[in-house]
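Protein chains in written order, with the numbering used here: chain A, 2 to 397; chain B, 2 to 397. Yeah, the Cβ is synthetic: ideal placement off N, Cα and C, and Gly gets one too. To start, the structure itself, in structure tokens.
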């Protein structure tokens, strides 16, 4: 049996006195002061650093990234549909390899301490399942280190391109974990038909749903209501997530709170990237209503956006900035969006710094969790499923 | 005469072919391909990296920072006045040293390529000129490397605390370059009296003004109008800046554009930190109206905010994110806010990558200026006034 003892770390909680962490195989066995090192195969000095659980990415698009490729000169027009069309065209002509690219980005995530990740993967009538096969290969490559959830995502719409529904079904049979969707009114055109189709597939394949909802204001509220109706009818409590949910950022508070209350009752998670340039759901309002909030980067360096780094502490910082979180207790909420709440919202099991849970550990040189969020210090040590996988920000 | 030749750099402009930069003493002498190295004292290999002009910080508070100090646990109530009161109390009881702290932060700015910086320095009846003396010492320490503009800033208001006006006058005589102010309605209470007092002092001491205007919507518009009236009456064209100007982010477009047109006519700059959690002036709208936009961090790790790094490329990224700048041409505008426009708006002379200008140079490993903004790569080399001052992000 492999065992690892990390000495002298702090968790930033309670008295914050130095603790040791004992890991056996892929599990945390004990967290306590001064654990006996006898019979331990490997001892690591934590040097009083701050211990965080492995970070969680709740929404990205590994298959689209240009990470590590030459700089992509972005001259795309600003509408959503322009970006969708531009990307499909670029993909078809650039020789972009979703396998190699998703692996490069996933490894960069792992080096920065992310051990669980949900990625949406484009499924459409041009690319078929090509992206999915690439990302499935990445998942296989990283098995035992990074837990990767795959959402079969009809980026170009499911109603407008006949045959997409069959491809989504193929994707779920081939290994995708969840079904995705987007904008029932604004992209699909027929909101009821689109939502019925998605929930029908989800019911048939017994999978969860994670739906991109960019629609704003009352249009988004209309779509969200349709989604919540079907979640209730199919008793899919805890199996549905809303990504973005921008409408929850610009509805009147009373309307917003009514929707949040229904989301909480149905255990529908809200996944936010907390973009700075558009109205977004208030993390505080969501949490006050009992809605689980998950943080995510969205795309990283792709044809949609030039921005992004595979660093969930940076995303926590951006969530904090967007929500004007200045106090330490609030910065801890931002961190929670990329740790515990994210794991809960995505359904990642065995998560956290407790005995019996998967030994996904991150050590950083920070005095408090709040400092870890604002300073985003280099990941001195990353342990994934009980194995040391990275030091000083680099995979070993 | 000291001379320095940096070989093989790119500027990201035009054909982007490799160029050499010849520096003599503190000035750029020539930028051209294959410059003869004969008689040059020092030759440096630019390795094909991207050359940027020294970065410019247009709005920070060097004197308040805890940079390098133990983590400050923030539990401050959210109102502006709570933050002002909390800070004054903390300062009085913590032994914070504005000299040591401002030097630590200024040096961190320099290591990250910032060679010109405008800082507001608190002047009030509790602290007197103590902060100013600390920052003046920092300016002296960094003379010949970093050009530091000091704004005498009545953070606690000028009307409510009798004697503040005399202290501001003392500060200007002691070496402050500009006069600051804040929120004529919301903080000062008597907007006309406050603005008259500030402009009176500015006229008396022949200095420029940089006024914090947090007031939103129509209240901010009222204060801004008073400021612009007096700018015109005293023909202070090009000598007044508005920091924050949040009202320009939430006024109706027609009202906003009328104010922007007057600002452009009077050459009043807009200084923005582009916060994500409040309505802010659109950089595109300001520039379209002809208003010079300057980027700044505001406070960095102080009692007001836990956030911030002394990295103007990171600030450019945050400006880009806030303004939804995704295309390369737009990211170049974000960069301009912390380079050329910032220098123009603050009145820093001899700025830019041209012969005769001060040799403030930054080399980064990026393919394009847009990539430099989103990736914020380590500053491989920083030259300040002709001397190499930092390598790999560290001062030498």
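Taking a contact to require three or more Cβ pairs closer than 8 Å, the stretch 72-81 of chain A and the stretch 107-115 of chain A do not qualify as touching. By the rule that beta-carbons nearer than 7 Å mark a contact, residue 304/B does not touch chain A. Sequence-distant partners of residue 332/A (beyond 5 residues in either direction) whose C-beta falls short of 6 Å from its own C-beta, in its chain, are 321, 326, 371, 374. Residue 215/B and residue 266/A have their alpha carbons spaced roughly 39 Å apart.
Taking all protein chains shown into account, residue 95/A has fewer than 16 neighbouring C-beta atoms within 10 Å of its C-beta and is therefore exposed. Bridge partners of residue 154/A according to DSSP: 123/A. When the Cα atoms are used, residue 107/B and residue 137/A turn out to be separated by approximately 48 Å. Residues 149 of the same chain have their beta carbon placed closer than 6 Å to that of residue 140/B, with the five preceding and five following residues left out of the count. Take residue 315/A, set aside five residues on each side of it, and the residues of its chain with a beta-carbon closer than 6 Å to its own are 377, in chain order. For the pair residue 260/B and residue 297/B, the Cα-to-Cα distance works out to about 22 Å. Residue environment: residue 270/B is assigned as buried (16 or more neighbouring CB atoms within 10 Å of its CB, all protein chains considered). About 5 Å separates the Cβ atoms of residue 241/A and residue 210/A, confirming a contact at the 8 Å cut-off. Cβ contact annotation for residue 344/A (same chain, cutoff 6 Å, sequence separation greater than five): 57, 352, in chain order.
Within chain B, the residues 72 have their CB atoms less than 7 Å from the CB of residue 372/A, given in chain order.
Residue range 43-54 is occupied by the beta strand (DSSP E) that includes residue 49/A. Taken through DSSP and simplified to helix, strand or coil, residue 65/B comes out as helix. Segment contact: the stretch 34-51 of chain B against the stretch 279-292 of chain A, fewer than three CB-CB distances shorter than 8 Å; contact not assigned. Comparing alpha-carbon positions, the option among 357/B, 235/B, 354/B, 161/B lying closest to residue 126/B turns out to be 161/B. Between residue 294/B and residue 338/B, the C-beta spacing is below 7 Å. When CB distances to chain B are screened at a threshold of 9 Å, the residues of the stretch 308-339 of chain A falling below it are 308, 309, 310, 318, 319, 321, 322, 323, 324, 325, 326, 327, 328, 329, 330, 331, 332, in chain order.
By the C-beta density criterion, residue 191/B is exposed, having fewer than 16 other C-beta atoms within 10 angstroms.
At the C-beta level, residue 3/B and residue 26/B come within 7 Å of one another. Within the same chain, 75 come within 6 Å of residue 307/B by CB-CB distance, once the 5 residues on both sides are set aside. According to the DSSP secondary-structure assignment, residue 391/B is paired through a beta bridge with 383/B, 396/B. Fully contained in the stretch 212-268 of chain A are the following alpha helix (DSSP H) runs of length 4 or more, in chain order: 218-234, 248-251, 254-266. Beta-bridge analysis with DSSP links residue 7/B to 22/B, 45/B.
Relative to the Cα of residue 12/A, the nearest Cα in the group 121/A, 34/A, 24/A, 52/A belongs to 52/A. For residue 160/B, the secondary structure class from DSSP, reduced to helix, strand or coil, is coil. Shown here for residue 32/B: same chain residues with a beta carbon closer than 6 Å to its own, the five before and five after excluded, namely 20, 22 in chain order. The beta carbon of residue 182/B is closer than 6 Å to those of 199, 212 in its chain, skipping five residues each way along the sequence. Around residue 278/A, the beta-carbon contacts reaching into chain B at under 8 Å are 322, 323, 324, 325. Beta-bridge partners assigned by DSSP to residue 271/B: 243/B, 294/B. Take the alpha-carbon of residue 45/A and the one of residue 131/B: they are about 47 Å apart. Going by DSSP, residue 77/A is part of no alpha helix (DSSP H) at all; its letter is neither H nor E. DSSP places residue 362/A outside any alpha helix (DSSP H); the residue lies instead in the beta strand (DSSP E), whose first and last residues are 362-365. Here residue 282/B is buried: its Cβ has 16 or more other Cβ atoms, across all protein chains shown, within 10 Å.
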